[in-house]
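Following: one structure in structure tokens, then a few remarks.
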Amino acid sequence: MYEANYSEVSQFVFLGFSASRPVQHFLLAFSTAFYVIIVLGNLLIVFVVTFDPHLHSPMYFLLANLSFIDMHLSTLTVPKMISDLYSGHKIISFQGCAVQIFVLHVLGGSEMVLLITMALDRYIAICKPLHYLTVMNPRVCILLVSGAWVIGLLHSVAQLAFVVHLHFCGPNEIDSFYCDLPQFIKLACTDTYRMEFMVTANSGVISMGTFFLLIISYVFILVTVWKRSSGGLSKALSTLSAHITVVVLFFGPCIFVYMWPFPTVSVDKFLAILDFMITPILNPAIYTLRNKDMRTAIKRLSIQLLNLRKFS
Numbered sequence: 110m111y112e113a114n115y116s117e118v119s120q121f122v123f124l125g126f127s128a129s130r131p132v133q134h135f136l137l138a139f140s141t142a143f144y145v146i147i148v149l150g151n152l153l154i155v156f157v158v159t160f161d162p163h164l165h166s167p168m169y170f171l172l173a174n175l176s177f178i179d180m181h182l183s184t185l186t187v188p189k190m191i192s193d194l195y196s197g198h199k200i201i202s203f204q205g206c207a208v209q210i211f212v213l214h215v216l217g218g219s220e221m222v223l224l225i226t227m228a229l230d231r232y233i234a235i236c237k238p239l240h241y242l243t244v245m246n247p248r249v250c251i252l253l254v255s256g257a258w259v260i261g262l263l264h265s266v267a268q269l270a271f272v273v274h275l276h277f278c279g280p281n282e283i284d285s286f287y288c289d290l291p292q293f294i295k296l297a298c299t300d301t302y303r304m305e306f307m308v309t310a311n312s313g314v315i316s317m318g319t320f321f322l323l324i325i326s327y328v329f330i331l332v333t334v335w336k337r338s339s340g341g342l343s344k345a346l347s348t349l350s351a352h353i354t355v356v357v358l359f360f361g362p363c364i365f366v367y368m369w370p371f372p373t374v375s376v377d378k379f380l381a382i383l384d385f386m387i388t389p390i391l392n393p394a395i396y397t398l399r400n401k402d403m404r405t406a407i408k409r410l411s412i413q414l415l416n417l418r419k420f421s
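Take the sequence shown: its letter number 132 is residue 241 in the working numbering, and every next letter is one higher.
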């Protein structure tokens, strides 16, 4: 089906950031360093949460899944960008572009739902602490995370269903460093106004709606805590500030890219860098450097690994 519909265009060319070699060398060093930090930082969280029994709680289980998604979001785009900057060969096949779009929306949709689940977890932990372990039991946590992945998959399938019958006959240049639907649709030879509207409704409205739902839920938690005890407000603020930071960093670029009526390519590229390289670094930093239990678990596992090396 793909070969029949898209026989004229078999590959796309990324325009990237700049034709200047010094700028490309800087971006190559920057993106390589950040990608290594992203992989190591998020792998550390997944590893610590998996192997430290003290962290086998709903909050850390959800956090490990968030790190898993963030790491793969970066892996989906950044290694290709690093390869393009190094070789200067900024080409992706049509199939590769379609796969990148599909996986991007699976991961993005899953993370949206996962962030809602994390907000629910914090609401029960803060507002109904006596029922926390009963409500957020392991079975419920697994169902919630599985639901996030299913919803992400359905969201991505729905997105690609909008563009599966588009006809591409040139041009084939994408003014970015990765494939996503807004730029992809604009390359179609047919009228895409309705298609762009549908994509905006699917991704933009869902992103904005989810963002406001999360912000309202956090405000509701803070108001509930404040009514019960003004002393507990500072603790709740400290706990939720990390979640709110992650939500703003994740949803801000999504809302701008899909909802802003006057798209600017340079701004879109900057926001993509924010989503794929900055946010995945901040997540492990926020949740490890500010979290006493996580820091203690890392030290504990480090000591255990050192002991194992001594006896091996």
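In this text, a Cβ means the ideal position worked out from N, Cα and C, and glycines have one as well. A quick note: this is a predicted structure, and the numbers were derived from the prediction, not measured.
**Request:** Just grab the DSSP bridge partners of F121 for me.
**Result:** DSSP lists I201 as partners of F121.
**Asked** What residue does the alpha helix (DSSP H) around C250 start on, and which one ends it?
**Response** Where C250 is concerned, the enclosing alpha helix (DSSP H) stretches over P247 to V272.
**Request:** With 8 Å as the threshold, decide whether the Cβ of F320 is near any Cβ in chain C.
**Result:** No chain C appears in this structure, which consists of one protein chain only.
**Message:** Quick check on the burial criterion: 16 or more other C-beta atoms within 10 angstroms. Buried or exposed for D179?
**Reply:** Around the beta carbon of D179, 16 or more other beta carbons sit within 10 angstroms, so the residue counts as buried.
**Asked** Can we say the region 384 to 397 touches the region 147 to 162, given the rule of at least three CB pairs closer than 8 Å?
**Response** The answer is yes - the region 147 to 162 touches the region 384 to 397, with three or more Cβ pairs under 8 Å.
**Message:** Taking the alpha carbon of T405 as the reference point, which residue from V118, S176 and V157 has its own alpha carbon closest?
**Reply:** The residue with the shortest Cα to Cα distance from T405 is V157.
**Request:** For P362, collect the residues of the same chain with a Cβ closer than 6 Å to its Cβ; drop the 5 residues on either side in sequence, then sort them by chain order.
**Result:** Excluding residues up to 5 positions away in sequence, L380, L383 and D384 lie with their Cβ nearer than 6 Å to the Cβ of P362 in the same chain.
**Item:** Whole-angstrom distance between L275 and E305, CA atom to CA atom
**Value:** Rounded to the nearest angstrom, the gap between the Cα atoms of E305 and L275 is 12 Å.
**Message:** Less than 8 Å between the C-beta atoms of L349 and Y367, yes or no?
**Reply:** The criterion of a C-beta distance shorter than 8 Å is not satisfied by L349 and Y367.
**Asked** Whose C-beta lies closer than 7 Å to the C-beta of R399 among residues of the same chain, with five residues either side of it excluded?
**Response** Counting only Cβ-Cβ distances below 7 Å, and skipping sequence neighbours, we find A351.
**Request:** Grab me the residues of G218's own chain with a C-beta within less than 7 Å of its C-beta, minus the 5 sequence neighbours each way, in chain order.
**Result:** If we look at G218 and ignore the five residues flanking it on each side, its Cβ neighbours are I260, G261, H264 and S265.
**Message:** Taking 8 Å as the threshold (C-beta atoms), are L323 and I225 in contact?
**Reply:** Yes. Within cutoff.
**Request:** Verify whether the separation of the beta carbon atoms of L461 and L216 is less than 8 Å.
**Result:** As displayed, the chain neither begins before 110 nor continues past 421, which places residue 461 out of reach and without an answer.
**Request:** Could you name the residues of the same chain whose beta carbon sits closer than 8 Å to that of I412, not counting the 5 residues immediately before and after it, in chain order?
**Result:** Once the five neighbours on either side are set aside, I412 has no close Cβ partner at all.
**Message:** I need the boundaries of the alpha helix (DSSP H) containing P291, first residue and last residue.
**Reply:** From DSSP, the alpha helix (DSSP H) with P291 extends over L290 to K295.
**Prompt:** Under the rule that 16 or more other beta-carbon atoms within 10 Å means buried, what is K408, buried or exposed?
**Reply:** Exposed: under 16 other Cβ atoms inside 10 Å.
**Prompt:** Should S129 be counted as a contact of the ligand NAD given a C-beta to heavy atom distance under 7 Å?
**Reply:** Absence of the ligand NAD is noted for the structure shown, with no ligands found whatsoever.
**Asked** With distances taken between CB atoms, is the gap from S140 to Q133 smaller than 8 Å?
**Response** The answer is no: Cβ separation not under 8 Å.
**Prompt:** Are the region 194 to 214 and the region 272 to 289 touching, with three or more C-beta to C-beta distances below 8 Å?
**Reply:** A contact exists between the region 194 to 214 and the region 272 to 289.
**Item:** Rounded Cβ spacing between S202 and S119 (contact assumed at less than 8 Å)
**Value:** Sure, about 7 Å apart at Cβ, within 8 Å.
**Request:** Could you tell me which of N392, L417 and V314 sits nearest to I364, measuring between CA atoms?
**Result:** Comparing Cα positions, the closest option is V314.
**Request:** Give the single residue among I294, I235, G125 and G318 whose Cα lies nearest to the Cα of I200.
**Result:** Looking at the Cα atoms, G125 is the closest of the given residues.
**Request:** Please determine, among F360, T333, V308 and H214, the residue with the shortest C-alpha to C-alpha distance to S316.
**Result:** The candidate whose alpha carbon is nearest that of S316 is F360.
**Spatially closest choice to L153 from Y396, V249 and W335, by CA coordinates** = Looking only at Y396, V249 and W335, the smallest Cα-Cα distance to L153 is reached by Y396.
**Message:** Given this structure, state the Cα-to-Cα distance separating P167 from R248, to the nearest angstrom.
**Reply:** Going from the Cα of P167 to the Cα of R248 covers about 10 Å.
**Asked** What three-state label does DSSP hand N114 in the structure shown?
**Response** Its pLDDT being 44, under 50, N114 is placed unreliably in this model, and the value from its coordinates should be taken loosely. Helix at N114.
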